[in-house]
Every structure is written in C-alpha cells, then in structure tokens.
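S.K.: Got a structure for you, written out below as structure tokens; questions coming shortly.
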Amino acid sequence: MADTDPDFVLVVEDSEEDVEAIGRAIGRSHPNVRLEFLRSGADVLPRLNQPDTVLPGLVLLDLNMPGEGGLQVIQRVRAEPALPHLTLVVFTSSEDQTEADACYAAGADSYIYKPINFALFRTVLTQTLDYWRARS
Numbered sequence: 667m668a669d670t671d672p673d674f675v676l677v678v679e680d681s682e683e684d685v686e687a688i689g690r691a692i693g694r695s696h697p698n699v700r701l702e703f704l705r706s707g708a709d710v711l712p713r714l715n716q717p718d719t720v721l722p723g724l725v726l727l728d729l730n731m732p733g734e735g736g737l738q739v740i741q742r743v744r745a746e747p748a749l750p751h752l753t754l755v756v757f758t759s760s761e762d763q764t765e766a767d768a769c770y771a772a773g774a775d776s777y778i779y780k781p782i783n784f785a786l787f788r789t790v791l792t793q794t795l796d797y798w799r800a801r802s
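Counting in our numbering, the sequence shown runs from 667 upward without gaps.
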C-alpha cells in the first residue's frame with residue numbers, strides 16, 4: 667500500500683473558475699499544502715495507481731463533470747483494494763439530496779456544498795482541510 671501525504675490534496679474539477687478559486691482559497695489558508703488538479707474523473711485511477719506514488723491525504727471531487735463524474739469516481743476508487751483508506755470529499759454546487767445520498771452510499775467520506783460567495787467558499791474549504799487533515 668502506498669503512503670498517504672496529508673499535505674497533498676488531489677482536486678478533481680473540470681471548471682476553470684473553480685480550479686482557480688480552489689487554488690486561491692487553499693493557497694491562502696494552507697500554503698504548505700501541495701495541490702494537484704485533474705480535469706476529468708477518468709484521470710483519477712490512472713493517477714492514483716502510478717507505481718511508487720504517494721497518495722493524497724484528501725481527494726476533493728467535483729460531482730458533475732463531463733464523462734466520468736464524481737459518483738463513478740467514488741465507486742471505482744472504493745472498488746480498488748489498495749485504496750480503501752483514501753479520503754474522498756465531494757465538493758459540488760449540487761444541493762440534490764438524492765445525489766448526496768448516492769455519494770455516501772458509494773463510499774464518499776463527505777459531501778459539501780460549494781458556496782458562490784468566495785469568502786464563504788474559502789471558509790468551507792479551510793474547515794474541510796482542517797477537519798480531514800486532523801484525522802490523517
């Protein structure tokens with residue numbers, strides 16, 4: 667099993683605006699955290715299964731992306747025997763309780779609504795990172 671680095675967050679997000687906002691927010695609140703961005707759900711497993719890779723302490727996952735969405739990523743990651751401990755947090759603009767329930771049923775660790783207001787967006791991300799990093 668690969669090592670997990672609590673100072674490494676893998677962000678799976680297809681929106682350029684959200685990539686920029688997440689980078690700015692986490693860069694301000696947690697400047698020591700290394701961010702890596704993937705733009706597609708289909709890129710997640712190949713990235714996590716690279717030989718001798720250090721796994722992220724947290725995967726921040728958009729739900730609605732073209733192609734393989736967040737729910738499918740959760741299902742595929744949870745089916746991988748080497749990755750059951752990986753923390754998967756859905757960070758989405760969807761407030762649909764059915765989608766949240768499906769994500770939790772598939773094995774998501776958390777489902778967080780993505781605020782539009784940047785100050786609140788940053789606060790939510792700060793609290794999310796603080797919470798999950800304290801558990802790693």
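Using N, Cα and C, we set each Cβ at its ideal position, and we do this for glycine too.
Nothing here was measured: the structure is a model prediction, and the numbers come from that model.
Could you check how far apart the C-beta atoms of Ser-776 and Val-755 are, in whole angstroms? I think they sit under 8 angstroms.
M.R.: Right, their Cβ atoms sit about 5 angstroms apart.
S.K.: Relative to the alpha-carbon of Met-731, which residue among Thr-670, Leu-795, Leu-704, Ala-687 has its alpha-carbon at the smallest distance?
M.R.: Here the closest residue by C-alpha is Leu-704.
S.K.: Quick one, are the C-beta atoms of Val-699 and Asp-669 less than 8 angstroms apart?
M.R.: For Val-699 and Asp-669, no; Cβs fall outside 8 angstroms.
S.K.: Going by Cα to Cα distance, which pick from Arg-713, Thr-792, Ala-768, Leu-726 is closest to Pro-697?
M.R.: Among Arg-713, Thr-792, Ala-768, Leu-726, the Cα nearest to that of Pro-697 is on Thr-792.
S.K.: For Ser-695, which of helix, strand or coil comes out of DSSP?
M.R.: Residue state, collapsed to three classes: helix.
S.K.: Compare the C-beta of Asn-783 against all C-beta atoms of chain B and say whether one is closer than 8 angstroms.
M.R.: The displayed structure is made up of one protein chain only, and chain B is not part of it.
S.K.: Would you call the stretch 685-695 in contact with the stretch 737-755, where contact means no fewer than 3 C-beta pairs closer than 8 angstroms?
M.R.: Flag = no, the stretch 685-695 and the stretch 737-755 do not touch.
S.K.: Using 8 angstroms as the cut-off, can you tell me whether the stretch 746-762 makes contact with the stretch 718-732, which would need three or more C-beta pairs spanning the two stretches below that distance?
M.R.: Flag = yes, the stretch 746-762 and the stretch 718-732 touch.
S.K.: State the beta-bridge partners of Asp-671 as determined by DSSP.
M.R.: BP columns for Asp-671 point to Pro-722.
S.K.: Please determine, among Arg-799, Gly-773, Glu-683, the residue with the shortest C-alpha to C-alpha distance to Asn-821.
M.R.: Summary: the structure shown does not reach residue 821, with the chain confined to residues 667 through 802, and so no result is reported for it.
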